[in-house]
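Below you'll find the structure, written out as structure tokens, and then a few comments.
Protein chains in written order, with this note's numbering: chain A, 240 to 664; chain B, 240 to 664.
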């Protein structure tokens, strides 16, 4: 289906840059062949023939981008939160991921994930599956049908994981990855594969070397985890004693942004050198504030990322995070930055709502190209929000209305969603 | 209307103490004359004649208690969150509170607050109004109709507040308070007055002295704020140079728990002496984690309160907090305690979900008597929750289901609510 040309009418908000949130009450937003053609108070004559979808009184914002989410963990979100990363992995995440060897289970569980993602305000997402090829293809099939644009990764892990989940060798892990890539070649319009070594502790050097080769052969992007937790970082230090810092352990294998678009989730404890390397290499940081809180990892220095000009977006990180809502990720990012500023480092001032909104839209959207804004030439990802109740009192600005919605949204107010010019609902 | 006797059937969860959350799947919960008469797997013969309300498959928990909420701030929750306490008061809270001199505005605005409270899982609340007597009576009239049991306070403030809001003298403030108490005497079944000096910075010594007299004459409880923010504490130190610590400034006037049931909100920076004094005096701490985060105050040492055996419950503190949901307050309390443990003081281990649930039910409920549990003899406050979607996978326990609900609740799943044996909906 060719992207349509049409016009939305309503109360429009989007970011130009991290400090500049622009708002247009009762304006027209023009989509031409799936791309934004601008915002107008009065509709120009040249667009007079296009259909106008009148969403007067509703908020219209760019679709949100989730740079980091684990699809198989959706089933147990909100459970077992009184735990820390490494034991949480062993008690909760790994046992659940093990169940996805059963394709019947995968179909049922991933269906509930796909439904939630479709109903959300998210239009782009980078998703971890599990090690299992058949289940990963099931997830990709389901995500394809949602119409959301996603990158989905079969996970690689050949060490330091339970027997029921660990891949038998780096060769088998690589062979499965190739089989998976062959199986999904040409199969999807909305879904693409992404190379997904889980993290250094669960990937041998041989595996990382193979994955780099696969990445090069297929020209794929990469996603992984970085510097989330102090115990994890210590373990990486032992496993890779010759690496300068955690991220360098990826970089030595060409899996840290130089050779391919790359996302690193968390970066709670990334030091100056690691952050600078990410900046140089163009790595995207997926900032996951709720997960970092729930698993008691800490608070990432997102103010530093932003001020240093490192590419950065938000991740829900279900099920370290309990919700797929990127609105919640925005407000968590603001809240946690305040607590970090107050308790840890008063030189890194809190994020503003403008900055958090930018991260959840244009910041993370950049990983998908010209995504996350309504500036002319951007892909037309839009969500229409019915924030009618609660009642607003006396002269609330559109910017205030957006902030309020982000804080009090239950996640169920998304009335319509468009991805690259196609209306999903 | 006399409280009824009846039986609820469903999946029942409640706290015995802070560490003990008990759960009963598909059990009967008996209410006799508004009081819990116990939980049964099979219904005893003596109750066979009572009506059974069959909520099979739904969660049944004690009603939640909100120990601290500002009704007039409900209108602007979620707005202006990029601000700190003292400037937030001047930019947001005070200007809005000033509008409640207009009774027409008060009626409309308080109506939206009352509706939200009624729909919530909260069955008991301690509420700040504004300085205005007519508006406070309007709020009490509206809260009376909700059926929730509330304590509502006309606020007192005779200094350090804007001209449009400050009371003209301590005499006028006291006289207005007396007029308010006369007006509400005998008027309500569900609402009672509570003495409400805003906080030390806005109350002169004369006013505090008068309020103590009024408290004694009418045998009223007391609510105020304590040790929320470092700038506020510094100001109190200047205003009351002879007080040992912030709380001592209340204690010198008999407004710190010795003479009356008393709630102090926040206590983020309460030191050892202040905490001990609260324990000795039986003060209830209203722990308001979201507000303390939003206004960048810090994180209260709630682990210390709990371990030292200080009475403690949760407060939503709208509009420092953005939502009236005490489920959100529970999960915020857990999350913020993790961050405090990680960033500030590793000797104070994080709260468990059990502890947070206790604080939101029996902990805070204690301020209202035998409230917040289904143990025999407790007032029958219950909420029935329809958590049917999302789908649960494989052997989730009832305790896990409750935790999950607390984390992912949108606040709109409350199917039925009972207060002291009366069904509100």
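Using N, Cα and C, we set each Cβ at its ideal position, and we do this for glycine too.
Model, not experiment: these values are computed from the prediction.
Item	Value
By Cβ distance below 8 Å, which residues in the same chain neighbour residue 289 of chain B in space, the five residues on each side in sequence not counted?	244, 245, 246 and 269
Do you know how far the Cα of residue 346 of chain A is from the Cα of residue 698 of chain A?	A question about residue 698 of chain A goes unanswered here, because the residues of chain A that appear run from 240 up to 664.
In its own chain, which residues sit with a C-beta less than 6 Å from the C-beta of residue 517 of chain A, not counting the 5 before and 5 after it?	549
What runs of the alpha helix (DSSP H), each 4 residues or longer, lie entirely inside the stretch 331-409 of chain B?	333-337, 342-358 and 372-385
When the Cβ atoms of the stretch 277-285 of chain B are set against those of the stretch 638-652 of chain B, are three or more pairs found closer than 8 Å?	no
Please compile the residues from chain A whose C-beta is within a distance smaller than 7 Å of the C-beta of residue 561 of chain B.	646 and 647
Within 8 Å, do at least three Cβ pairs link the stretch 295-304 of chain B to the stretch 357-370 of chain B?	yes
Go through its chain and collect everything with a Cβ distance to residue 474 of chain B's Cβ below 7 Å, but skip five positions before and after it.	440
Establish whether the CB of residue 540 of chain B and some CB of chain A are separated by less than 8 Å.	no
For residue 410 of chain B, which residues from the same chain have a beta carbon less than 7 Å from its beta carbon, with the 5 sequence-adjacent residues on both sides left out?	none
Identify the residues that DSSP records as bridge partners of residue 460 of chain A: which are they?	According to DSSP, which records beta bridges pairwise, residue 460 of chain A is partnered with nothing at all.
Taking DSSP as the reference, what is the three-state secondary structure of residue 282 of chain A?	coil
What first and last residue would you give for the alpha helix (DSSP H) that runs through residue 503 of chain A?	Careful: residue 503 of chain A lies outside any alpha helix (DSSP H), inside the beta strand (DSSP E) at 501-505.
I'd like to confirm the pairing. Which residues does DSSP put opposite residue 297 of chain A in its beta bridges?	BP columns for residue 297 of chain A are empty, so no partner.
Which chain B residues are close to residue 308 of chain A, counting only those with a beta carbon under 9 Å from its beta carbon?	Chain B residues near residue 308 of chain A: none, gap ~15 Å exceeds 9 Å.
Mapping DSSP to helix, strand and coil, what is residue 476 of chain B?	helix
Taking 8 Å as the threshold (beta carbon to beta carbon), is residue 387 of chain A in contact with chain D?	In the displayed structure, chain D is absent; the protein chains listed are A and B.
I want to see whether chain B comes within less than 8 Å of residue 654 of chain A, judged by CB atoms only; does it?	no
With distances taken between CB atoms, is the gap from residue 582 of chain A to residue 582 of chain B smaller than 8 Å?	yes
For residue 545 of chain B versus residue 360 of chain B, is the C-beta spacing smaller than 8 Å?	no
At least one CB of chain A closer than 8 Å to the CB of residue 419 of chain B: is that the case?	no
Below 8 Å on the Cβ atoms is my guess for residue 566 of chain B versus residue 645 of chain B; work out the distance and round it to an integer in Å.	5 Å
Which stretch, first to last residue, makes up the beta strand (DSSP E) that contains residue 550 of chain A?	550-553
Have a look at residue 384 of chain B and residue 373 of chain A and give me their C-alpha separation to the nearest angstrom.	57 Å
Can you tell me which of the three DSSP states residue 321 of chain B falls into?	coil
For the stretch 313-344 of chain B, which residues have a beta carbon sitting closer than 7 Å to at least one beta carbon of chain A?	314, 316, 317, 318, 320 and 321
Alpha helix (DSSP H) containing residue 261 of chain B: first to last residue?	Unbroken run through residue 261 of chain B is the beta strand (DSSP E), 259-271; no alpha helix (DSSP H).
Is the stretch 389-397 of chain B touching the stretch 411-429 of chain B, taking contact as three or more C-beta pairs under 8 Å?	yes
Residue range of the beta strand (DSSP E) that residue 308 of chain B falls in?	303-309
Tell whether a beta-carbon distance below 8 Å holds between residue 293 of chain A and residue 257 of chain A.	no
Rounded to the nearest angstrom, how far is the Cβ of residue 637 of chain A from that of residue 252 of chain A, given a contact under 8 Å?	6 Å
Using CA coordinates, which residue listed in A:259, A:447, A:429 and A:335 is at the minimum distance from residue 462 of chain A?	A:447
So, is residue 616 of chain B buried or exposed, given that buried needs 16 or more other C-beta atoms within 10 angstroms?	exposed
Does the beta carbon of residue 257 of chain A come closer than 8 Å to any beta carbon on chain B?	no
Could you confirm whether any beta carbon from chain A is found closer than 8 Å to the beta carbon of residue 589 of chain B?	yes
According to DSSP, is residue 433 of chain B part of a helix, a strand, or is it coil?	coil
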